[in-house]
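full-length UniProt numbering puts the sequence shown at residues 1 to 265.
All residues carry an ideal CB built from backbone N, CA and C; glycine is no exception.
Note sheet for the following structure.
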Amino acid sequence: MDPLSLVPSSQNPCLAEYTNLGPDDGQGELDVSGFTADGDTPLHAVILLGDSTDAIVRKIECYSKTDRALLDAQNNRRQTPLQLAVLTNNVPVIRHLVLSGCRLDLQDWNGNSALHMACTGGDCVDRVRALLPPPAHPHLHTNCSPKENPAHLMNFKGETPLHVAASRGHVAILRYLTLGHVGADVNVGDGRSGRTILHHAVEENNSDVVYFIARHARHLKLKVNTRSYDGFTAADLAYDRKRHELYDLLKRVSKDEAMDMEVGS
1 MDPLSLVPSS QNPCLAEYTN LGPDDGQGEL DVSGFTADGD TPLHAVILLG DSTDAIVRKI
61 ECYSKTDRAL LDAQNNRRQT PLQLAVLTNN VPVIRHLVLS GCRLDLQDWN GNSALHMACT
121 GGDCVDRVRA LLPPPAHPHL HTNCSPKENP AHLMNFKGET PLHVAASRGH VAILRYLTLG
181 HVGADVNVGD GRSGRTILHH AVEENNSDVV YFIARHARHL KLKVNTRSYD GFTAADLAYD
241 RKRHELYDLL KRVSKDEAMD MEVGS
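If you want it as C-alpha cells, here you go:
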C-alpha cells in the first residue's frame, strides 16, 4: 500500500488518544450554518469519515475560494481540519491543507497542536514533513508558518511536540525537528518542571534518545548541564537512578562542552 494513503482510524493509535468518538460522531445532521452538533464543518466530516483524498481536496479548494476561515474552523473539541487529517494519518490532505495556508499554532481542548498529534502515533516522519515542509517548497503558502517555532508550542501539560516525540522514543521525528530546517531547540524545558527532552529521556531510561542527543550534541548546541526547576541536571537524574552508562556518557559530553567553551573564549 502507498505509505501516503489514508490509514483507517481504527488502525491509527493517535486517533484514540485525541478523540473519544462514539458510533454517530462526525455523522450528525448539518444545521443551517453548515455545522454538526459536534461543531464539525463538512470539511471536518469528510476527513473524519475517510472520504477519498480527491473529494477532500475538492472541499479544501472550495473553501479556499469562498471562505478561507473555514479551513481553520475548530469543532467542539477545538480540533481543526488539519488536526483531523493528522489523526486519520492522511498525509496528502495534511500537505494540501498546509500549502493552502492552514495555521499550525491552533490548539485543541488539551492544548495540542497538529504537530503534537503528529509526534504521537508512531515514529512517522511523513506526517511531520507534510506539516513542516522545507522552506524552499515552490508552492508553500506565505501564511502557513506561525511566528513561533511550532516545535516549541506547549500544550496544557507544558509539553512541546519535541517532548511528546522524545517521550515516545521517536528518534526519526526528533532528527527531522532538530537537525533539519525546523531547528527545534533541545534545551527548551517543559512548562511544568523545566525538564528538557534529555532530562525526560534519562528519567524514562530511553537510551536511544539520550544517545541521539549526545551524538549530535555540538550540532544541536546542547547545554547538557541545564537544570530543571528543582535544580537537577540530566546527569544528576542518571546518577540518582543508578543509570551508570548514561551518567558516564553525559559526563563525557559535559567535558567536551566545557572544552569547546574554553576554546571559544
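Indicate the three-state DSSP secondary structure (helix, strand or coil) for PRO135 in the structure shown.
coil
C-alpha distance - ASP67 paired with LYS59, whole-angstrom precision:
11 angstroms
Do LEU198 and LEU250 count as a contact pair if the criterion is CB distance below 9 angstroms?
yes
Taking the straight line between their C-alpha atoms, what separation do you get for ALA201 and ALA166?
7 angstroms
Rounded to the nearest angstrom, what separates THR233 and ALA184 at their Cα positions?
20 angstroms
Thinking C-beta only, is GLY169 closer than 9 angstroms to ASP126?
no
Say whether the segment 151–164 touches the segment 189–196, bearing in mind that this needs 3 or more beta-carbon pairs closer than 8 angstroms, one atom from each stretch.
yes
Ignoring anything shorter than 4 residues or poking outside the segment 159–188, list the alpha helix (DSSP H) runs there in chain order.
161–167 and 171–179
If you draw a straight line from the alpha carbon of GLU245 to that of ASN75, how long is it in whole angstroms?
47 angstroms
C-beta atoms of residue 267 and VAL171 nearer than 9 angstroms:
As displayed, the chain neither begins before 1 nor continues past 265, which places residue 267 out of reach and without an answer.
Comparing C-alpha positions only, which one of ALA238, ASP54, SER228 and VAL186 sits nearest to ILE94?
ASP54
In terms of residues, what are the limits of the alpha helix (DSSP H) holding ASP240?
234–240
Counting only the same chain and skipping the five closest in sequence on each side, list residues whose C-beta sits under 7 angstroms from that of GLY28.
Per-residue confidence for GLY28 stands at a pLDDT of 47, beneath the threshold of 50, marking its modelled position as unreliable; the derived number appears in the next sentence. Closer than 7 angstroms at the Cβ level, and outside the excluded window around GLY28, lie THR36, ALA37 and ASP38.
ASN206 to PHE212, Cα distance in whole Å?
10 angstroms
Between the alpha carbons of TYR176 and VAL186, how many angstroms are there, rounded?
12 angstroms
Can you give me the Cβ contacts of ASP105 inside the same chain, cut-off strictly under 8 angstroms, excluding the 5 residues immediately before and after it?
SER113, PRO146, GLU148, PRO150 and LEU153
Residues of its chain near ARG241, where Cβ-Cβ distance is below 8 angstroms and the 5 sequence neighbours each way are ignored
VAL202, GLU203 and ASN205
Distance between ALA235 and ALA217 (C-alpha atoms, nearest Å)
14 angstroms
Whose C-beta lies closer than 7 angstroms to the C-beta of HIS219 among residues of the same chain, with five residues either side of it excluded?
LEU179
Can you look up ASP40 in the DSSP assignment and give me helix, strand or coil?
coil
Measure the CB-CB distance between LEU132 and CYS102 and report whether it falls below 9 angstroms.
no
Enumerate in chain order the residues of its own chain whose CB-to-CB distance from ALA238 is below 7 angstroms, with the five nearest sequence positions on each side excluded.
VAL202, LEU246, TYR247 and LEU250
Output needed for ALA214: all residues of its chain with C-beta closer than 6 angstroms, excluding positions within five of it in sequence on either side, in chain order.
LEU249 and VAL253
Tell me where the alpha helix (DSSP H) around ASP49 begins and ends.
Looking at the sequence provided, one finds Leu at residue 49 rather than Asp. No alpha helix (DSSP H) contains LEU49, which DSSP labels as neither H nor E.
Where does GLN79 sit, in a helix, a strand or coil, going by DSSP?
coil
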